[in-house]
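Here's the structure, in structure tokens; my notes come after.
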Amino acid sequence: MIEVNEVFGPTIQGEGKRIGNPSVFVRFGRCNMSCTGFEVEYETPSGIKKFSCDSYHASDSAFSDQWDRYESSKPLIERVNKILPNYKVDIVLTGGEPLLYWKDEEFQKFMKYYIDHGYHITIETNGSLDINLIHDWQKKILFSISVKLSNSGESVKKRLNIKSLTNMINFADESYLKFVVDKLFLSKAQEEIDNILNDIPSVEVYLMPLGDTADIIDKNSLSVIEMAINNGFKYSDRLHIRVWNNKRGV
Ligand code: SF4
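Residue 54 is where the sequence shown starts when you use this note's numbering, and the numbers rise one by one after that.
Written out as structure tokens, the structure is:
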């Protein structure tokens, strides 16, 4: 069964390699991490105060009553097709952690349908789950891998899976890593990123400023740009936060 938190678009991809591309997003429910270190405060439907990332409504199963469940890919495809414009957009699978559904046959059918129809699929993942990439069509998926660093609050064991990163980088035609960094974390981030890059095949790297509001992004962006320039990494802004201040569904 596939659990979906929201389907929205067309809008633009707000970050990473395909920033600015017209896109439709499918946000899957559940995550294998909670990333309390990102310090976005929220309240669950039963009134418990917690900290996590800005996608807590998808990652925290306390919100699962608000998600839609699909036993088959067909109704999900129909839902997505209803909002597709009359030109090709990117289909972005995000979460939560969408790769929690990788072994689900209906999840695979969903992706294959759009690849077969000429759409570009991006999977936004934390890169920590082992997946088997068997089919040639799966090579066309862009893996946008947001590996978590120690500022996420997660243990190394949970957030870093060298085997799975190596597998995705080697198998997919296109993949890249992106790291969320803030200006108080630069030197530690540098050390942690260098260690990760030493253990995996060569891959494109993007740095993004931490923040769930345009003000916080502004405060972090210059030092993150400088770090990118000093290391030959790329900088990715977070346009959806700058333009919409992280409002849902745009
Ligand atoms: S891995 Fe991503 S979606 Fe999951 S809790 Fe961390 S930041 Fe949020």
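The beta-carbon is built from N, C-alpha and C at its ideal position, and this holds for glycine as well.
As the crow flies, the alpha-carbon of Asp183 is around 11 Å from that of Leu213.
Distance from the CA of Val145 to the CA of Gly264, rounded to the nearest whole angstrom, comes to 21 Å. Within 7 Å of the C-beta of Phe91 there is at least one heavy atom belonging to the ligand SF4. Under the three-state reduction of DSSP, Ser217 is assigned to helix.
The C-alpha of Ser203 is placed about 15 Å away from the C-alpha of Gly180. If you draw a straight line from the Cα of Ser240 to the Cα of Glu124, it is about 46 Å long. For the pair Ser274 and Gly73, the Cα-to-Cα distance works out to about 18 Å. Relative to Ser276, the option among Asn223, Ile294, Asp118, Gln243 whose CA is nearest is Gln243.
Contact between the region 106-113 and the region 62-79 is absent: fewer than three C-beta pairs spanning the two stretches fall below 8 Å. In this structure, Asn74 has its CB at a distance of at least 7 Å from all heavy atoms of the ligand SF4.
Annotated three-state conformation of Met54 is coil, per DSSP.
Exposure of Tyr140 is indicated by the presence of fewer than 16 other C-beta atoms within 10 angstroms of its C-beta. Gly148 is classed as buried because its beta carbon has at least 16 other beta carbons within 10 Å across all chains shown. Residue environment for Ile215: exposed (fewer than 16 other C-beta atoms within 10 angstroms of its C-beta).
Partner residues in the beta bridge of His173, as assigned by DSSP, are Asp143.
Spatial neighbours of Ala115 in its own chain (CB-CB distance under 6 Å, excluding positions within 5 residues in sequence) are listed in chain order as Thr97. Listed by position along the chain, the residues with Cβ atoms less than 5 Å from a non-hydrogen atom of the ligand SF4 are Cys84, Met86, Cys88, Cys106, Ser108, Ser112, Asn179. For Ala225 and Arg132, the gap between their C-alpha atoms comes out near 27 Å.
For Ile65, the secondary structure class from DSSP, reduced to helix, strand or coil, is strand.
Put simply, of Asp268, Ile269, Ala267, Met261 the residue whose alpha carbon is nearest the alpha carbon of Lys287 is Met261. It is roughly 13 Å from the alpha-carbon of Tyr166 to the alpha-carbon of Lys193. Partner residues in the beta bridge of Glu94, as assigned by DSSP, are Phe104. Phe78 sits in a strand when the DSSP states are folded into three classes. Secondary structure of Phe224 (DSSP, three-state): helix.
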